[in-house]
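Comments concern the structure below.
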Amino acid sequence: MQLKRISLFLTAIATITLGGIALAQTATTEPVATTADDTVKRIDAADDSEPIGENSPTTVVEARGRARLLHDTLHGSLQVMHRDYFREDEGLKVPSRSLEDVFSELARIHGVKLHWIAVDLKPMSVDNKAETEFEKEAVRVLRSGEEEFESVADSEFRFAGRIRLSATCLGCHASGRSNNDDRAAGLVITMPLKRAD
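With mature numbering (1 follows the signal peptide of the UniProt record, and there is no 0) applied, the sequence shown corresponds to residues -24 to -1, 1 to 173, in that order.
Spelled out as C-alpha cells, the structure:
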C-alpha cells in the first residue's frame, strides 16, 4: 500500500515537472495545480481526447532538458524507494516495477514513453533487454562509462540515462558477483517533438 501511494505521488511529481516545463515555455494562462492532491485530481480528470503533443517540446535542447530532469527525478526516486521501503524478505513489489505504474501514466497523459534496459548485467526481465538499434547503441555507450546517450528520429527525441546499481542493488541484480563495484542499468525516455508551425 505504501509503495502504491509513493507511485501515485511520483506520478504527480513527474506530471508537475513536465507540465511546469511546458507551461514555462509556452506562456499559457491555464491555472496550475499547486499541491500533489490537486495534481492527482487533475491527472484523474485528464481529458484523454486532448492531443498529447500539445505540450511536446519543439527543439532538441528543450527535449534534452526535460529528459534529463525526468531521468534525475526517477533515478533519485528509485534510490530512495530502495533505501527506505524495500526489504527483500518482505515480499513487496520491487521499486523499479512500482515506477512502471508511473511510466504508464506519463505515457497516457504526456505521450512520454519510459522503460528500463540492462547495461552491465544480464536482464532480470525480458522486457529489459535492449531491442532496438537505439537501445543497443545506448547500452554500448552507457557501458563505456558515459552518463547519457541520445538521438532524434521520426519526430521523436530518444534519451538513455545511466542508472547506478549500488552494492545494495547487486544483492538481487548480481548475486554471484565477485566484488561490490557499482554496475549500471539504463532508463530510456522517448518523447514526441512538436513540429514548428
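From the three backbone atoms N, C-alpha and C, an ideal C-beta is built for every residue, glycine too.
Where residue i falls: helix, strand or coil (DSSP)
| i | result |
| --- | --- |
| Lys89 | strand |
| Arg171 | coil |
| Gly121 | coil |
| Thr49 | helix |
| Ala161 | strand |
| Ser72 | helix |
| Glu81 | helix |
| Val128 | strand |
| Ala94 | strand |
Rounded straight-line distance, which links the Cα of residue j to that of residue i
| i | j | result |
| --- | --- | --- |
| Ser137 | Ser101 | Checking the displayed sequence, the identity of residue 137 turns out to be Gly instead of Ser. Whole-angstrom Cα-Cα distance: 19 Å. |
| Leu54 | Ser131 | 29 Å |
| Thr34 | Thr49 | 22 Å |
| Arg159 | Ile139 | 9 Å |
| Ser120 | Glu81 | 32 Å |
| Met57 | Ser74 | 10 Å |
| Phe133 | Glu38 | 10 Å |
| Val16 | Asp60 | Caution applies to Val16, whose pLDDT of 40 falls short of 50 and renders its modelled position unreliable; the model cannot decide the point. |
| Val128 | Pro168 | 10 Å |
| Ser32 | Lys170 | 5 Å |
| residue 180 | Lys105 | In the structure as shown, the chain starts at -24 and stops at 173, and residue 180 therefore has no counterpart that could be examined. |
| Arg40 | Glu122 | 16 Å |
| Glu113 | Glu107 | 10 Å |
| Arg116 | Ser72 | 22 Å |
Beta-carbon separation (whole angstroms), residue i vs residue j, contact threshold 8 Å
| i | j | result |
| --- | --- | --- |
| Ile93 | Val164 | 6 Å |
| His91 | Asp103 | 7 Å |
| Gly162 | Leu97 | At roughly 11 Å, the Cβ-Cβ gap does not stay under 8 Å, so Gly162 and Leu97 are not in contact. |
| Ala43 | Phe125 | That pair is no contact at about 11 Å. |
Residue i - containing beta strand (DSSP E), residue span
| i | result |
| --- | --- |
| Leu141 | 132 to 141 |
C-beta neighbour in chain D for residue i, strict 9 Å
| i | result |
| --- | --- |
| Ile165 | No chain D appears in this structure, which consists of one protein chain only. |
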